[in-house]
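Read through the structure below, which is laid out as C-alpha cells, and then see the notes.
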Amino acid sequence: MYSQIAANKRKTIFIMSIFILVIGAIGYAYGLYVGNFDSVYVIFGFALLYSLISYFASARVALAVNGAKEIKKTDNPRLFRIVENLSITVGVPTPKIYIIDDPAANAFATGRNPEHASVVATSGILELLTDTELEGVMAHEMGHVQNYDIRVMMVVFACVSVIGLLSDFLLRMMWFGDDDDTSPIAIALALVLAILAPIVASLVQLAVSRRREFLADATGALTTRYPEGLVSALRKIEGSTAVLRRQNSSTAHFFFANPLKKKSLTKLFSTHPPTSERIAKLEQMGGEL
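Using the working numbering, read the sequence shown as starting at 117 and increasing by one per residue.
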C-alpha cells in the first residue's frame, strides 16, 4: 500500500518535470528564431503569472461550470456524516460539500489545499451507492485533498494552457514574420517545437491525471482500510453511467470517473485509467492490508 503511494508520487514528479522542459524548449526555440535569448525569462515569467491566476481561481470556476450547489448538513445528513468522519480520520478540516443535480454517478474534489477544499457528489451517485461504497468514493476524493492532487492538476492545466498559447504565438510569428535573416535550421527547429509542444503537453497532462487517480485510490483504501468498498463502487459506476448532462472537458480530470461521452479514442487520450486496472490494483492492496 505505502509502496504504491510512494511510487505514484515519484512518477508524478518525473512527469511534472517534463512540463518545465517543454516550456524551456519553446523559450529556446523562440530565442533561436529571433536571435535573442532574453525572451526566455519573459516566457517563464508569463507561465508563472498564468499559473498563479489559475491556482487561486480554478476551484471556483470548476464548481460553477459543473453546476455544483453548496449544501448544509440538514440537506443531506448522510453525505455530511460520511465526509465529516473521513475528515476526522485523516486529520484535515471538513471540506465544503456540494451536490450536482445529475443522474450520472460521479464525484470530484477541488481546492488548492485542505483548508480551502470542497467535495462534490452527484445526486445520481448518492442514489446508486450504499454507505460503504459512498464512503470509499469520498475517501478517494479526500485522498486527492490529502495528497494536494488538486494543486498539482491546477498547475498542470495552467502549464498546458501556457504551452498552447506560446506555441500558437510562435507559429503566428513565423507565419507573418520576416525570415530573411533567420537560419533555416532555426526556423525548422522552432516550427517542429511549436507543433509538437502542445501535443506532448496534453499527453503529459493525461498521464498525470491517470497517475493521480491511482494514488487517490490507494490513499482512499488506506483511509477506510476496506478497498472492497471502493472496488464495489467502481463496478457499480462502470455498470451504470458517469457521463454528466453538462459536458466540460476542462474539468473532466477532476472527476472520480470520466464524466464525458465515450468516443472512439485510444487509451492514451483518456483522463482516467481503465476501471479494470483500478480494480486490480485495489484488490492487490486488499490482500496486503
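Each residue gets a CB set at the ideal place from its N, CA and C atoms; glycine is no exception.
Applying the criterion that 16 or more other CB atoms from any shown protein chain within 10 Å of the CB defines a buried residue, is residue 243 buried or exposed?
exposed
To the nearest angstrom, report how far apart residue 224 and residue 210 are at their CA atoms.
15 Å
Contact between the region 339 to 351 and the region 226 to 235 (3+ Cβ pairs under 8 Å)
no
Which of helix, strand or coil does DSSP assign to residue 116?
Nothing can be reported for residue 116, as the shown portion of the chain is limited to 117 through 405.
Compare the C-alpha of residue 180 against each of 260, 364, 256 and name the closest.
364
In terms of alpha-carbon separation, which member of 175, 177, 139, 216 lies closest to residue 358?
216
Reduced DSSP secondary structure (H/G/I, E/B, other) of residue 237:
strand
In DSSP terms, what residue 226 is bridged to
234
If I follow the unbroken beta strand (DSSP E) through residue 189, where does it start and stop?
From DSSP, residue 189 is part of no beta strand (DSSP E); its letter is neither H nor E.
How should residue 339 be labelled, buried or exposed, when 16 other C-beta atoms within 10 angstroms of its C-beta is the threshold for buried?
buried
Would DSSP call residue 371 helix, strand or coil?
strand
Rounded to the nearest angstrom, what separates residue 391 and residue 325 at their Cα positions?
14 Å
So for residue 214, helix, strand or coil by DSSP?
strand
Determine the contact status of residue 228 and residue 171, defining contact as a CB-CB distance below 8 Å.
yes
Does residue 342 come out as helix, strand or coil in the three-state DSSP assignment?
coil
Checking 8 Å against the spacing of the C-beta atoms, do residue 256 and residue 336 come in under that value?
yes
For residue 249 versus residue 345, is the C-beta distance shorter than 8 Å?
yes
Just how far apart, CA to CA, sit residue 343 and residue 401?
7 Å
Excluding five sequence neighbours on each side, which residues of the same chain lie with their C-beta closer than 6 Å to the C-beta of residue 360?
218, 220, 375
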